[in-house]
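Single-structure report; data block below.
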Amino acid sequence: MNDFWAAVKEAGLTPEIREGLRKRYRMRGQKALDAVESGRVEKYNDFFVVKGRNEDYIVEDDFCTCKDFTYRGRCCWHILAVQIAALTGQYTPKDAWYLDTLGQNRWT
292 MNDFWAAVKE AGLTPEIREG LRKRYRMRGQ KALDAVESGR VEKYNDFFVV KGRNEDYIVE
352 DDFCTCKDFT YRGRCCWHIL AVQIAALTGQ YTPKDAWYLD TLGQNRWT
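The numbering used here puts the first residue of the sequence shown at 292, with every later residue one more than the last.
Below, the structure written as structure tokens:
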């Protein structure tokens, strides 16, 4: 873990850390902060899930199901949001398997 992410883990989302995220990741950093602060990061038993404007995105390690990640193959704001949430504990825990929730309400 590099020094920046170690500082996030140790200090949390201080004004300096927030500014560092914006400088380092620009709009992606801001979107990640917004997602964390608005409670849109959930931790299921199998994956982290970030709720976007139109759909949910599964994040596992350095992989995301969003189009930005698929096309660029690099870090998207969903991955940043999960990294921030995991280090600061700012996520909603879900005692369920996300893959099991996908089919719910489909047949009703």
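From the three backbone atoms N, C-alpha and C, an ideal C-beta is built for every residue, glycine too.
Original post:
Comparing alpha-carbon positions, which option in D337, I375, C357 lies nearest A326?
Top reply: I375
**OP:** Take every Cβ of the segment 297-316, pair it with every Cβ of the segment 330-344, and state whether three or more of those distances are shorter than 8 angstroms.
**Re:** no
Original post:
Rounded to whole angstroms, how far is the Cβ of L371 from the Cβ of R309, which I believe are closer than 8 angstroms?
Top reply: Incorrect: roughly 12 angstroms between the Cβ atoms, too far for contact.
Original post:
If you draw a straight line from the alpha carbon of V299 to that of W368, how long is it in whole angstroms?
Top reply: Rounded to whole angstroms, V299 to W368 spans 16 angstroms at the Cα level.
**OP:** Going by CA-CA distance only, name the one from L393, T379, T392, P384 that's closest to A302.
**Re:** Answer by Cα proximity: T379.
Original post:
Would you call the CB atoms of F338 and I349 closer than 8 angstroms?
Top reply: yes
**OP:** Return the CA-CA distance between V341 and R365, expressed in angstroms with no decimal places.
**Re:** 17 angstroms
Original post:
Would you call the CB atoms of A387 and Y335 closer than 8 angstroms?
Top reply: yes
Original post:
From this set, L393, V373, Y362, which residue's C-alpha is nearest E351's C-alpha?
Top reply: V373
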